[in-house]
Amino acid sequence: MNFRYLFLGISFLTLTFLSSCNKTQILKPEELTLSEGFKNPTGFYNNKPTFSWILPVSEQIKSQSAYQIVVASSKELLPGNADLWDSKKQKSAQSTFVKYQGKALESRQKVYWQVRYWNQDDNISEWSDINTFELGLLNNSDWQAKWAGLDTAKDSIKGVRKFLMHKPQYLRKGFELLTDVASARLYITAKGVFDVHLNGKDVSDDVMTPGWTPYNHRIETLTYDVTELLQTGKNAIAVELASGWHSGRISRGRALYENFASPKILCQLEVVLKDGSKQTIVSDESWRGTTNGPIRLASVYDGEVYDANFEIPNWNTVAFDDSNWKSVEVEAIAKDVKLAPKRHHTVKNQVVFNDAEIVSVKENTSVFNMKQNMVGVPKVKVPMKKGDTLKIRFSEMLLKDNTFYTKNYRSAKSTDYYIAAKDGVIEYVPKFTFHGFQFLELSGYDKNAKPDTSWVQGIAQHSNFEKKGTFTSSHDKLNQLQSNITWGLRDNFFDIPTDCPQRDERLGWTGDAQVIAPTSLFNYDVHAFWTAWLQSLRENQSEHKDGMVPFIVPDVLQTKNGSSGWGDAAVIIPWDIYNATGDITVLEESYESAKKWVGYYQSKVKKQPYLPYMHSFSDWLQPYPSKSGKMGNRGDTPKDLIHAAFFAHSAHLVAKIAGVLGKTDDAKKYAALYKAIANSFENAFFEEGKFTGEIQTQTSYLLGIYFDLFKPETKLKAQKYLLEEIKNADYHLGTGFLGTPILPKVLDDMGEIDLMYKILFKETYPSWFYSINQGATTMWERWNSYSKAEGYNPQPMNSLNHYAYGAIGQWMYERIAGLASLEPGYKKIRIAPIPNTEFLTSASASVNSPYGKVASSWKIENNTFTLDVIIPPNTTAEIHIPNATQNILLVNGNDFTETSNLKLISSDKNVVKILAEPGTYNFQTKL
Ligand code: RAM
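Structure follows, in structure tokens:
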């Protein structure tokens, strides 16, 4: 043996080994998600999904230069033998929303996938963990089940405004499984709302399923893995069913929805047995049911009645004999109503408030304060006497004498009842209703018992999205505002985005939705929530040949005329989602709908070119309107101006969307249309930048400026007039629903940041802090919903939980904390806080962006301004350090010098601008 060769051989091997280590050592991708952020879903809705992943934070990983995705029908085939799709190495930085391009996928199919990437130096990562998704039933033809239920319309009672109240149903079926179960899926939905049990156990902790869609177009279905709940031999499936949104008063008896028809369930339990055989149990005529169960009545608006005397022991287990129950009636699945897996997360219990305070006790009536205006249900544990009725009332705030203010619930009874079957402590959580409340009144409990705070808990419920962003500052009221904004969002994201959660409304108002979407996308992971609702919007829009988008979605009001500023949700929200997430899918899905809405405006142009004549709720609830009472709700900005402004804006956005989608002809066409409308807008309503209408309003200027409808020279003049208007209002808000979200954007653009701070930090009416000074824990519908001095606004339309004015949240993130997305989905980030030392000494925000955590946090201490920044891999950031110059700037403790990570963009006496690569940075400058 020649040692020299042996030595050389070993060195060669070592080198190859080391260099191959070097090539393979970078960390694997993390947080794999599917389409709008789903993690390993079962019952997934989309067989053409997109894939996203996040590059881990590490010195070596700045960006992605290529990726490879492998998709297979079994785990074992990965990564080498992907039978469904192998993307191969794709030279691309795209790590979000990569389209699946493999073999067609079918209902029920379970799919496994993995991804790896190459970094900026072409080093390859390890393969990610294997993720999965399993499709739900994608076609109506996948269902063998029939709609089943009792005819409850027959013996229903007449409730508020003579609406039918269907008695809740208890439905069940026993069945036998011949051998052991290998796997089982339950596919289920209802015309109504349901809770399903298998062998006495809850199948899920979902609330008010299946949720609310335009039921005449599409009903969402749920899929549950129930393998563990089944047993060899006898089994029982049991479903509680109530009206919910489908047949309840909230549906307003719309014939189209068969609202007077009785609620029904549709369910299909598919079992694969260990011997390989299959057994399917479906809802059909063999099921039995009763309305003689404990939930006697249930209504979204009016509450629930529970009579413990009607409890049916073991009704949902195999031990029960249902031979006395009635046979159900069945109905075939309709071809024109799509059954589709739910495309966003169900409502669930989210937070439990268990530190209630007792406000008052009178005989056996007591009032509890949950200390937060919330939405959901109470959990009561109360001593009762047999036969007595516990009455549970709700209110958002109290009157001066500590009694309930419920005028603003209007006709919604919002009251629950529990009838006790025996003496002792009862425990009750209503199931098929929800309330908007901070205060709760109990009466009818055991007279001899002393009320205790442990009697009551508040269970806050909302759609099950995750928190995405945080915002905090050195100012208590600003933090309270952030809290009010986020509670306003959670409280009103109850399966659909609602205007309010408490009164006889709770509807998906499109205007409110378009106003709040950007702020919601900072605070919560509501990508899927919004895109699901947009599908409902398109379905309701399709009912109108002229492209009209209803006021509300689902459209139970049967809207006849579109409203400017409301129907624009069809265009504005997809654009906002795209900007927050970078997902182009929402633009593709919404493109035709957005064009149709612009077409609706066009169809309303009559006499004057480009000026539509139509309906509008206008600058809804503007403060100090010239007209009083209800007449004043629409504010003073003329509706014709609002139509033209939103017509132009929607056309402009369609042009931009067309650009993103590569539809160049449309992009040109809509850009020209926007210009033409802008021209008409200016000529019709302004002279030399001054609004020519009778009453000057902030909103007339805001719309023209923000939507870019002026010629450059008149724009400057209009800006001056706007500032005059704001001064005339003594630096207070003069804006309603439409103007308010735009105000910070316009002032920011004008460099009037300090003015925006001044307006935001105003304590007197109308301002954001005014409601906080009056005790608000959520956003209010009106700037003057309540005052300690004068009490409640006399109008019954006075929700204390309305998110629209929370739209300021976007500016709080973007400018106060300084964190904004500069290119769709945070591919490029802007960190540019502008502190105002009169009000603040610190502010921070973070967002879990599609690329990972982004953060911006500044503070001023001992005349030193410090900015801490986190920029995730595969992005870049422009960092603007205010009041700094290049030579007094420290970065991570050292004098600033350009490096491969930090490049100077510009520096003047106001601001240093730096282009940053991913990393964590600390900037410091002396003030
Ligand atoms: C009210 C709703 C909503 C608003 C419409 C115009 O009834 O609460 O907030 O958009 O009217």
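Numbering (my numbering), first residue to last: 242 to 1168.
All C-beta atoms in this analysis are idealised placements derived from N, C-alpha and C, irrespective of residue type, glycine included.
Cutoff 6 Å; reference residue i; Cβ partners in own chain excluding five residues on either side
| i | result |
| --- | --- |
| leucine 963 | Tyr942 |
| glutamine 350 | Leu376 |
| glutamate 272 | Ile295 |
| isoleucine 793 | Leu748, Gly749 and Trp750 |
| lysine 855 | Correcting the residue type first, residue 855 is methionine in the shown sequence and not lysine. For methionine 855, where only same-chain residues beyond five positions count, the Cβ hits under 6 Å are Lys845 and His884. |
| aspartate 327 | Val311 |
| asparagine 1163 | Asp1109 and Asn1133 |
| lysine 576 | none |
| asparagine 595 | Gln698 |
| lysine 688 | Asn605 |
| tyrosine 947 | Ile983, Lys986 and Val987 |
| glycine 900 | Ala908 |
| tyrosine 851 | Ala917, Ile918 and Ser921 |
| alanine 1073 | Gly1059 and His1121 |
Spatial neighbours of residue i in its chain, beta-carbon cut-off 8 Å, leaving aside the 5 residues before and after
| i | result |
| --- | --- |
| serine 1141 | Glu1158 |
| cysteine 262 | Only weak support exists for where cysteine 262 lies, its pLDDT of 46 falling under 50; the coordinates are left without a value. |
| isoleucine 1174 | Because the chain in this structure spans residues 242 to 1168, residue 1174 falls outside the shown range and cannot be described. |
| lysine 1253 | For the chain, the structure presents residues 242 to 1168; residue 1253 sits outside this window and is missing. |
| leucine 379 | Tyr286, Asn288, Glu347, Ser348, Ala581 and Pro582 |
| lysine 567 | Leu391, Arg529, Gly530 and Thr531 |
| lysine 515 | Thr420, Asp421, Val422 and Ala423 |
Close-in-space but distant-in-sequence residues of the same chain around residue i (CB under 7 Å, 5 per side omitted)
| i | result |
| --- | --- |
| lysine 1003 | Tyr972, His973 and Phe1010 |
| histidine 716 | Phe1080 and Leu1081 |
| isoleucine 1146 | Glu1119, Lys1154, Ile1155 and Leu1156 |
| isoleucine 1111 | Lys1094, Val1095, Ala1096 and Thr1161 |
| threonine 1116 | Tyr1067, Lys1068, Lys1069, Ile1070, Tyr1092 and Pro1159 |
| lysine 332 | Ser306 and Ala307 |
| alanine 496 | For alanine 496, the predicted structure reports a pLDDT of 45, less than 50, and the residue's modelled location is therefore unreliable. The matter cannot be settled from this model. |
| aspartate 324 | Ala313, Ser314 and Leu318 |
Endpoints, alpha helix (DSSP H) assigned at residue i
| i | result |
| --- | --- |
| threonine 955 | 953-969 |
| threonine 826 | 826-844 |
| arginine 875 | Looking at the DSSP string, arginine 875 is not in any alpha helix (DSSP H), and its letter there is neither H nor E. |
| serine 761 | 751-764 |
| valine 352 | Valine 352 -> not in any alpha helix (DSSP H); beta strand (DSSP E) instead, spanning 351-360. |
| asparagine 1163 | Note, asparagine 1163: premise wrong, no alpha helix (DSSP H); beta strand (DSSP E) at 1160-1167. |
| phenylalanine 1010 | 1009-1014 |
| tryptophan 774 | 768-782 |
| lysine 916 | 905-926 |
Whole-angstrom C-beta distance between residue j and residue i, which should lie under 8 Å
| i | j | result |
| --- | --- | --- |
| valine 512 | alanine 386 | Incorrect: roughly 14 Å between the Cβ atoms, too far for contact. |
| proline 1091 | serine 293 | 6 Å |
| alanine 690 | proline 624 | 4 Å |
| glutamate 598 | asparagine 610 | 5 Å |
| valine 756 | phenylalanine 978 | 6 Å |
| tyrosine 542 | aspartate 745 | 5 Å |
| glycine 415 | valine 621 | Not a contact, Cβ separation roughly 33 Å. |
| isoleucine 506 | alanine 425 | With a Cβ gap of about 18 Å, isoleucine 506 and alanine 425 do not count as contacting. |
Span of the beta strand (DSSP E), counted from its first residue to its last, around residue i
| i | result |
| --- | --- |
| tryptophan 294 | 291-295 |
| leucine 418 | 410-418 |
| glycine 900 | Element bounds for glycine 900: not the beta strand (DSSP E) but the alpha helix (DSSP H), 880-901. |
| methionine 997 | No beta strand (DSSP E) holds methionine 997; the alpha helix (DSSP H) holding it covers 994-1001. |
| serine 1148 | 1143-1148 |
| alanine 1118 | 1117-1123 |
| serine 424 | 422-432 |
| serine 306 | 305-313 |
| asparagine 476 | 474-483 |
| lysine 1154 | 1152-1157 |
| tryptophan 388 | 388-390 |
| tyrosine 1044 | Neither: tyrosine 1044 is in no beta strand (DSSP E) and is coded neither H nor E. |
| threonine 464 | 459-466 |
> Any residues whose CB sits closer than 5 Å to a heavy atom of the ligand RAM? List them in chain order?
Replying inline: Screening all residues for a C-beta within a distance smaller than 5 Å of any heavy atom in the ligand RAM leaves Asp740, Trp750, Gly752, Asp753 and Phe858, in chain order.
>> In chain order, what are the residue ranges of uninterrupted beta strand (DSSP E) at least 3 long that sit wholly in the stretch 504-552?
In response: 505-514, 519-523, 529-531, 536-540 and 544-548
> Which runs of the beta strand (DSSP E) fall wholly inside the stretch 1053-1107 and span at least 3 residues, in chain order?
Replying inline: Within the stretch 1053-1107, the runs of beta strand (DSSP E) that reach at least 3 residues and sit entirely inside it are, in chain order, 1060-1064, 1069-1072, 1083-1090 and 1093-1102.
> Enumerated in chain order, which unbroken segments of the alpha helix (DSSP H) with a length of 4 residues or greater are wholly contained in the stretch 665-721?
Replying inline: none
>> Quick check for students: name the residue ranges of the alpha helix (DSSP H) that lie wholly in the stretch 544-611, counting only runs of 4 or more.
In response: Listed in chain order, there is nothing to give.
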